[in-house]
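All remarks here apply to the structure that follows.
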Amino acid sequence: MNSKPQESPLSTQSDEPLTSISQLVEELKGSPTNEFVSISKKVRLAVSDVSDYATWSTKKYTRNCLEINDRFELILLCWEPGQKTPIHDHGGEECWVYFVNSKFEEIVYKKDALALKEKRRLAILPGSVTYMTDFMGVHSLQNIGDQRGFSIHLYAKPIKSCNVFNQDSEKFELVEMNYDTHIELT
Ligand SMILES: [Fe+2]
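Right, dumping it as structure tokens:
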């Protein structure tokens with residue numbers, strides 16, 4: 059059989075670390091989605107690179123949109139010490155998280171018809187990247203450090219809604235996602 063090999067998209071990536079939000083956004087825009095994993099491993103962002111985009115709330119961590127287009131969404135989360143997400147899924151999409159500072163904990167649960175079972179618990183240090191997608195289960199994240207924390211979340215494609223566990227009813231509810239701020243990068 060003489061079948062033509064499928065062409066893979068051209069890569070525009072270099073090995074250089076990504077040290078600013080605008081560099082990261084440009085690299086993501088210019089690359090196919092199957093390169094997002096390698097791009098996320100090149101991110102080297104410090105607090106000073108993200109603090110201009112920060113907003114804070116004592117009620118809940120804030121979600122600050124850095125970029126949204128048809129293919130992906132990039133969001134800066136700003137966490138007061140102790141703030142955590144409810145247990146949630148990812149709307150059928152892929153999610154990479156880069157942790158800028160502080161110390162975080164991820165708890166992954168297996169979701170079956172009757173109950174949530176804790177599968178693993180991970181302490182996350184600055185500079186780490188984690189990955190989640192729905193077939194791995196559902197998870198929660200918490201800033202367990204004693205300082206304000208930053209994390210950068212890349213979703214491909216953007217997540218319009220996801221299933222969030224309601225602790226009172228002990229059921230998942232479909233919740234629309236929203237932003238606290240939507241930043242226009244120049
Ligand atoms: Fe998540």
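Numbering (the numbering used here), first residue to last: 59 to 244. For glycine and all other residues, C-beta sits at the position ideal for the given N, C-alpha and C.
- Apart from sequence neighbours up to five positions away, the residues of its chain that approach TYR111 with a beta-carbon distance below 6 Å are ASN122, LEU134, ILE241, ordered along the chain.
- In this structure, DSSP gives GLN200 an extended state, which the three-state scheme calls strand.
- By the Cβ-count criterion, THR113 is exposed, with fewer than 16 other Cβ atoms from all chains shown falling within 10 Å of its own Cβ.
- Shown here, ASN221 sits in a strand according to DSSP, grouped into three states.
- Taking 8 Å as the cut-off, the beta carbon of THR120 is found no closer than this to the beta carbon of LEU103.
- Around the CB of VAL196, 16 or more other CB atoms lie within 10 Å, so the residue is classed as buried.
- Cβ atoms of ASP192 and ASP147 come within 8 Å of each other, at about 5 Å.
- Closest in alpha carbon position to ARG129, among LYS99, CYS153, THR116, is CYS153.
- Taken from the Cβ of HIS146, at least one heavy atom of ligand 1 lies inside 7 Å.
- The stretch 138 to 145 makes contact with the stretch 222 to 236; the number of CB pairs closer than 8 Å reaches 3 or more.
- When the beta-carbon positions are compared, LYS218 and GLY149 come within less than 8 Å of each other.
- The Cβ neighbour count for ASP73, taken over all protein chains shown within 10 Å, is under 16; the residue is labelled exposed.
- In the structure shown, the three-state DSSP call for LYS99 is coil.
- In this structure, DSSP gives GLU138 a state outside helix and strand, which the three-state scheme calls coil.
- Taking a C-beta distance under 8 Å as the contact criterion, SER186 and PHE208 do not qualify as a contact pair.
- Taking the Cα of ASN221 as reference, the smallest distance to any Cα among SER115, GLU151, VAL108 is reached at GLU151.
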